[in-house]
Every structure is written in C-alpha cells, then in structure tokens.
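S.K.: Have a look at this one before I ask anything.
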Amino acid sequence: MVFPGRKLALFVNGCFWHGHGCLRGARIPKSNTEYWIKKIERNRVRDKETLIALQKLGWRVHVIWECEIKDRDRLKENIQALMD
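Structure follows, in structure tokens:
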C-alpha cells in the first residue's frame, strides 16, 4: 500500500515467499529444494533493493509480515502509529 501524502510505502509480505525468520518463513519444501532456496533468496535481495531505493527517494518503508496479521489489535496499533 502506498500513502503518497505521508511518503509511506507499506508492504504486506508472505513469510514463506519473502524468507521471514519465523517458522513458516524458515520452512523449505522437500521437493525441488535448490529451486526454492534460490527463489526465496532472489526475493529477499529484490526486497532489500526496493527498500533502499524507496528510502533514497525519501520514503518511509514498513513491512508487515503474514505471521503478524494474526494479532489484529497489534496490527491496528502498528498501522496507526505509522500514520501519526
């Protein structure tokens, strides 16, 4: 999500797809393991490049992880804090 007036870019990342450090993100499929390791690493590199590019343009960047969405109250508080 993008909030141009606040120069805020908010990404909602899947833990598996973006290699988060939680249990779901650390799980690698047993089939085609080499493919998945490379795929997830490329995603992580691209994510970091995107974050750096946006920050250089003066944007604030925040990532919400899939595993964090379960706690709706905390999620709401975090988003509200970003908007202030």
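My numbering puts the sequence shown at residues 1 to 84.
Glycine is no exception: its CB is placed at the ideal position from the N, C-alpha and C atoms.
As the structure is a computational prediction, the values presented were derived from the model and not from experiment.
#1: Grouping DSSP H, G and I as helix and E and B as strand, with all else coil, what is Arg74?
#2: Report yes if the CB atom of Gly19 is closer than 8 Å to the CB atom of Arg44, and no otherwise.
#3: First and last residue of the alpha helix (DSSP H) that includes Arg44?
#4: Only counting the same chain, and skipping five residues up and downstream in sequence, which positions put a Cβ closer than 7 Å to that of Val63?
#5: Could you give the first and the last residue of the continuous alpha helix (DSSP H) run that contains Arg24?
M.R.: In terms of the structure at hand:
#1: helix
#2: yes
#3: Thr33 to Lys56
#4: Phe11 and Asn13
#5: Leu23 to Ala26
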